[in-house]
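This note's numbering runs 985 ahead of the 1-based position in the sequence shown. Notes to accompany the following structure.
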Amino acid sequence: MEPLEFCDLCFQRGKPNLCETYKNTFTKIIALQFSQKSRLDKILNRLEIRPRSVDKRWTIIVDSEKRKEFLDSLWGVNVTIHTLEDHVKVITRLYKPEVRKLGDREQVELTSKESWEEFDPKSRDWAPLQVDIKKEKFFAKVNMGNVLKCSSFEGTEYFRTYLNTDTPMLAPMEKRAVYNIVSTIAEPITAIWKSDGDNQHGFIGYDQLPNLPDEIFNVLRRLATTDKRMPETMIFENDDFELVKTVLGCIKIDLTKSSDIITSLVDKKSDIPISIETIQKERLQVMLDILKEMGGKIETEKDSLTISGTRGLVKMTFVDNDKSTQDGTMVKISISALEDPPRFAEILFMIKKRLGLLDLPLENTLSQHWPIVSDIDLQYIVQTAISWWSNNPVLATKIIGDGEKFTKVKEWNNKIKEGKIRSTLDTITLGKIIKQKESNQIIK
């Protein structure tokens, strides 16, 4: 997902210096003047925040507890910032929460006999259409003003029905436009927000948010996090309830709090070391390979790794908790960090600095070693390769990898071309990277 894809309206009067791309993650959009940078550096040093490079952009990630203090500190240093709260104010102006009634049901001629579906405002889902054949033409009864979806082996097409004088017609439309219409004709529904035992996080299942417009889904994904133990659920900070409620309210989804408590995540979190054998081998191998490239010596025990360098050693254990911590030579690594490239890079930087290991470009090295275990991994690999293509095509081809990794990237790209899946990434550039990779393999 490209977080800034729907910020065009936000930046009509000029881009800010910083933009909150994801919750508590701030990315530099335009350059800072020397005086601005000096003042901002002082704030970051005071709050113990270290900038990093994410997709070749200057980025900082702020702890939830420090977010307000960080934002308040910017008022006096003339650094402009666009927060997710600002983004919600702009995006929600585009949507009106009234229900637009559909027209009468009329018989309309279809373009083919493929699988046709009509949007159902009550269920907010797609309902199959009965297609009739008359004189080798295809017809179906649909509501005027509604939207249709036609699926075939060549992909999915979308249409809107309308009357041309007295004749029912179909108008082809882009998917994004269709889902914006969906939000105006859909009837109100309710979504449930459940909290955890500590009242720190709120949970909403994807199944309660059917067929959202892209702009709205983008906002929610930027506000939320996910957890592999609850893959069909978005997890928010509890303080963001009213913000999420505002976002959903503009498309007639009433968010209400439930008295039910989500305990599955809380119960499983622990500081007890996890056995090395139980950690996903692909994830762990990334860390081992990069540490070796940096010159680290590794000794593996049942539930720990000992890493040695020119400045000593650290003992590393893995825990099923949210945060990684360091206490002297003892380092506890959150297993969830092994699935998050920015957090993974932060840990590697800390170990490198602590042990005096070789100074590798960690973000570049990490992207080349990163495995494709999930769709999120695939998105990261592709997006990173695309971002490097114009400046360093050799690195871009290395990032999409060889063997099974490269095969997965090609399969994903083929599915996009066939219309089986949708992506907002620059697939034209991805196609160029794949061709370059294949030509390199032929030369070898």
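Don't be surprised by glycine CBs; every beta carbon is placed ideally from N, CA and C. No experiment lies behind these values; they were computed from the predicted model shown.
Going by other Cβ atoms of all chains shown within 10 Å of its Cβ, with 16 needed for buried, is Leu1343 buried or exposed? Numbered from 1 along the sequence shown, position 358 holds the residue referred to as residue 1343. That one is exposed.
Status (buried if at least 16 other CB within 10 Å, exposed otherwise) for Ser1260: Translated into the one-based positions of the sequence shown, residue 1260 becomes position 275. By the 10 Å Cβ count, Ser1260 comes out exposed.
How do the stretch 1319-1336 and the stretch 1262-1273 stand: do at least 3 beta-carbon pairs fall below 8 Å, yes or no? yes
Hey, which unbroken runs of the beta strand (DSSP E) at 3 residues or more fall wholly within the stretch 1250-1304? 1282-1285, 1290-1294 and 1297-1304
To which residues does DSSP link Arg1145 through a beta bridge? Taking the sequence shown and counting its residues from 1, one reaches residue 1145 at position 160. Its beta-bridge partners are Val1132 and Ala1156.
Is the beta carbon of Trp1374 closer than 7 Å to that of Ile1419? Taking the first residue of the sequence shown as position 1, residue 1419 is located at position 434. Taking the first residue of the sequence shown as position 1, residue 1374 is located at position 389. Result no, Cβ atoms of Ile1419 and Trp1374 do not sit closer than 7 Å.
Please confirm whether Cys1004 and Thr1010 have their CB atoms less than 7 Å apart. Along the sequence shown, one-based indexing puts residue 1004 at 19. Along the sequence shown, one-based indexing puts residue 1010 at 25. Their beta carbons are not under 7 Å apart, which means Cys1004 does not touch Thr1010 by this criterion.
Of the choices Val1271, Met1315 and Ser1097, whose alpha-carbon is the least far from that of Ser1289? Looking up residue 1289 in the sequence shown gives position 304. That would be Met1315, whose Cα lies nearest to the Cα of Ser1289.
Bounding residues of the beta strand (DSSP E) (the contiguous stretch that carries Leu1059): By 1-based counting over the sequence shown, the position of residue 1059 is 74. Note, Leu1059: premise wrong, no beta strand (DSSP E); not H, not E.
Taking the alpha carbon of Ile1189 as the reference point, which residue from Arg1161, Met1158, Ile1247 and Ile1236 has its own alpha carbon closest? Looking up residue 1189 in the sequence shown gives position 204. When each option's Cα is compared against that of Ile1189, the closest is Ile1247.
Would you list the one or two residues that DSSP bridges to Gln1364? The sequence position of residue 1364 within the sequence shown is 379, counting from 1. DSSP, once it has assigned bridges, lists no residue as partnering Gln1364.
Helix, strand or coil, according to DSSP, for Glu1033 in the structure here? As a position in the sequence shown, residue 1033 is number 48, starting the count at 1. Glu1033: coil per DSSP, three-state reduction.
Could you tell me the alpha carbon to alpha carbon distance between His1067 and Gly1234, rounded to whole angstroms? Taking the sequence shown and counting its residues from 1, one reaches residue 1067 at position 82. Taking the sequence shown and counting its residues from 1, one reaches residue 1234 at position 249. Taking the straight line from one Cα to the other gives about 22 Å.
Residues in its own chain within less than 8 Å of Leu1351 by CB, not counting five upstream and five downstream? In the sequence shown, the residue the question calls residue 1351 occupies position 366. The answer, listed in chain order, is Val1271, Ile1275, Pro1326, Phe1329, Ala1330 and Leu1333.
With Asp1183 as the anchor, note down where its beta strand (DSSP E) starts and where it stops. Position 198 of the sequence shown, counted from the start, is the residue given in the question as residue 1183. Unbroken run through Asp1183: none, as it is neither H nor E.
Would you say Glu1091 and Met1129 are within 7 Å of each other, going by their C-beta atoms? As a position in the sequence shown, residue 1091 is number 106, starting the count at 1. As a position in the sequence shown, residue 1129 is number 144, starting the count at 1. Their beta carbons are under 7 Å apart, which means Glu1091 touches Met1129 by this criterion.
May I ask which residues mark the beginning and end of the alpha helix (DSSP H) holding Ala1112? The residue you call residue 1112 lines up with position 127 of the sequence shown. No alpha helix (DSSP H) holds Ala1112; the beta strand (DSSP E) holding it covers Asp1110 to Pro1113.
If I'm right that Gln1353 touches Lys1383 with Cβ under 8 Å, what's the distance once you round it to whole angstroms? Here residue 1353 refers to the residue found at position 368 of the sequence shown. Here residue 1383 refers to the residue found at position 398 of the sequence shown. Indeed, because the Cβ distance is near 5 Å, the residues count as touching under 8 Å.
Leu1095, enclosing beta strand (DSSP E) - first and last residue: Position 110 of the sequence shown holds residue 1095. Taken as a continuous stretch (DSSP letters only), the beta strand (DSSP E) holding Leu1095 covers Arg1090 to Leu1095.
According to DSSP, which residues form a beta bridge with Gln1426? By 1-based counting over the sequence shown, the position of residue 1426 is 441. Gln1426 is not bridged to any residue.
Give me the DSSP bridge partner(s) of Lys1122. Here the question's residue 1122 lines up with position 137 in the sequence shown. Lys1122 pairs with Lys1119.
Closest by CA to Ile1118, which one among Phe1019, Lys1081, Gly999 and Val1093? Start at 1 with the first residue of the sequence shown, and residue 1118 comes out as number 133. The option with the nearest alpha carbon to Ile1118 is Val1093.
Cβ contact check for the stretch 1160-1179 and the stretch 1228-1243: 3 or more pairs under 8 Å: yes
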